[in-house]
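Q: Under the numbering used here, the first residue of the sequence shown carries the number 39, and numbering increases by one thereafter.
For each residue, glycine too, the CB sits at the ideal point set by N, CA and C.
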Amino acid sequence: MICGKAAAAIRGIPILNLQHDTRVTLTLPGKPHTPSHNQWPIIAHYRRASLPDSDWEEVCGYRITTPERTFTDICAIDGELEGLAFIEAALRAGYRKDTFQKYLDDRRGEWGITKARKVLALARYGIDSPSETLAYYLAAQVYPRTSIEAQAQMSIKKPSGLYSRIRVDLLLFGWLVVEIDGRIKYGGADSARVLFEERARETAILSMGYHILRFHPSELIDKLIPTIAVVLNQNPHRHSPEKHTVPDLNNPPLWASFT
Numbered sequence: 039m040i041c042g043k044a045a046a047a048i049r050g051i052p053i054l055n056l057q058h059d060t061r062v063t064l065t066l067p068g069k070p071h072t073p074s075h076n077q078w079p080i081i082a083h084y085r086r087a088s089l090p091d092s093d094w095e096e097v098c099g100y101r102i103t104t105p106e107r108t109f110t111d112i113c114a115i116d117g118e119l120e121g122l123a124f125i126e127a128a129l130r131a132g133y134r135k136d137t138f139q140k141y142l143d144d145r146r147g148e149w150g151i152t153k154a155r156k157v158l159a160l161a162r163y164g165i166d167s168p169s170e171t172l173a174y175y176l177a178a179q180v181y182p183r184t185s186i187e188a189q190a191q192m193s194i195k196k197p198s199g200l201y202s203r204i205r206v207d208l209l210l211f212g213w214l215v216v217e218i219d220g221r222i223k224y225g226g227a228d229s230a231r232v233l234f235e236e237r238a239r240e241t242a243i244l245s246m247g248y249h250i251l252r253f254h255p256s257e258l259i260d261k262l263i264p265t266i267a268v269v270l271n272q273n274p275h276r277h278s279p280e281k282h283t284v285p286d287l288n289n290p291p292l293w294a295s296f297t
């Protein structure tokens, strides 16, 4: 059976995969056992673990682990961050935390369940991409989680004169906006319009008294925390404009129903 990140990919749930792992992790059904190494396909890695019939299903012609088992395996194999990226992507795709919670509750004491329970407790609804999960996770390792908000909402005035409700990826300390590029694609007939709208959005946020940092997903590991540190050093006494609202991401937000 296909498990871990490969199972997530088959199901269409985005993953982080910071290590750019191209192996397909497999688990044989039933009690823990694996074939001899000389029988492993080149791209395959067999995991010695118990796999009851209730933990796998057929999707698109492939036998893969259930979403709940996939989450548990990713936490066990790839660690907390990869597990968090998967579960937040799954929640964004319409899955519910209580389904995963019940799976973990029913397996208390089994290997890997404690780690998965910890990760599930951190997970939030409404996160748009694994890159946003990564940015929040990195910032939370350095700064108190209470000073970091995901998907903060603001009301901005558009060039047309109408007001629009927007969301920013991260808001730190009440005034520092972190935006992760990648959701908007440039190129094609609409590129000029996209660039104009993005610039207008940025100008509106700045005019309300917020500071904006932009990163490509590939820059987050090396540049996010050092850049935040520089900005904090330059603005040691800056206060929040308090022109935003913070959504409750412990439950599915309204916007997740329409996108």
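Going by DSSP, what residue range makes up the beta strand (DSSP E) through Leu214?
A: Looking at the DSSP string, the run of the beta strand (DSSP E) that includes Leu214 is 214–218.
Q: With 16 as the cutoff for other CB atoms within 10 Å, does Gly99 come out buried or exposed?
A: Looking at its Cβ environment, which holds fewer than 16 other Cβ atoms inside 10 Å, Gly99 is exposed.
Q: Who does Trp94 pair with in a DSSP beta bridge?
A: Answer is Thr103.
Q: Between which two residues does the alpha helix (DSSP H) harbouring Gln272 extend?
A: Note, Gln272: alpha helix (DSSP H), 258–272.
Q: Buried or exposed: Ala128, going by 16 or more other Cβ atoms within 10 Å of its Cβ?
A: It is buried - the Cβ of Ala128 has at least 16 other Cβ atoms within 10 Å.
Q: With DSSP as the reference, label His304 as helix, strand or coil.
A: This structure leaves residue 304 out entirely; the chain is present only between 39 and 297.
Q: Would you mind sorting Tyr201 into buried or exposed? The rule is 16 or more other CB atoms within 10 Å of its CB.
A: The residue in question, Tyr201, is exposed, as its Cβ has fewer than 16 Cβ neighbours within 10 Å.
Q: With distance defined between alpha-carbon atoms, name the residue in Ile218, Trp149, Pro52 nearest to Ala114.
A: Considering only alpha carbons, the answer is Trp149.
Q: Determine the direct distance from the alpha carbon of Asp166 to that of Leu89, and round the result to whole angstroms.
A: Using only the alpha carbons, I get a separation of about 31 Å.
Q: Which of the three DSSP states is assigned to Ser202 in this structure?
A: Three-state result, Ser202: strand.
Q: Enumerate in chain order the residues of its own chain whose CB-to-CB distance from Gly225 is below 8 Å, with the five nearest sequence positions on each side excluded.
A: Confidence at Gly225 is low in this model, with a pLDDT of 49, below 50, so its placement is unreliable and no value can be given for it.
Q: Could you check whether the Cβ of Lys156 sits closer than 7 Å to any heavy atom belonging to the ligand ATP?
A: Absence of the ligand ATP is noted for the structure shown, with no ligands found whatsoever.
Q: I'd like to know whether the C-beta atoms of Leu176 and Ala123 end up nearer to each other than 8 Å.
A: Their beta carbons are not under 8 Å apart, which means Leu176 does not touch Ala123 by this criterion.
Q: Could you check what DSSP says for Thr297 in three-state terms: helix, strand or coil?
A: Residue placement at Thr297 is poorly supported in this model, since its pLDDT is 46, which falls under 50; the coordinates still yield a value, given next. Here Thr297 sits in coil by DSSP.
Q: With DSSP as the reference, label His254 as helix, strand or coil.
A: Three-state DSSP puts His254 in coil, outside helix and strand.
Q: From Leu244 to Glu106, what does the alpha carbon distance come to, in whole angstroms?
A: Straight-line Cα distance between these residues: approximately 42 Å.
Q: With a CB to CB cut of under 6 Å and the five nearest residues on each side skipped, what residues in its chain are close to Lys223?
A: Confidence at Lys223 is low in this model, with a pLDDT of 46, below 50, so its placement is unreliable and the value that follows should be read with caution. Around Lys223: no qualifying Cβ.
Q: Which of the three DSSP states, helix, strand or coil, is assigned to Leu176?
A: Helix at Leu176.
Q: Can you check which of these residues, Thr65, Glu120, Val157, Thr103, is closest to Asp59 by C-alpha distance?
A: Checked all of Thr65, Glu120, Val157, Thr103; the closest Cα to Asp59 is Glu120.
Q: Between Asp111, Gln191, Gly164, Ala190, which has its C-alpha nearest Tyr141's C-alpha?
A: Cα-wise, what sits closest to Tyr141 is Asp111.
Q: Cβ atoms of Thr72 and Tyr84: under 8 Å apart, would you say?
A: It is a contact, given that the beta carbons lie within the stated cut-off.
Q: Consult DSSP for Glu148 and reduce its assignment to one of helix, strand or coil.
A: Residue state, collapsed to three classes: coil.
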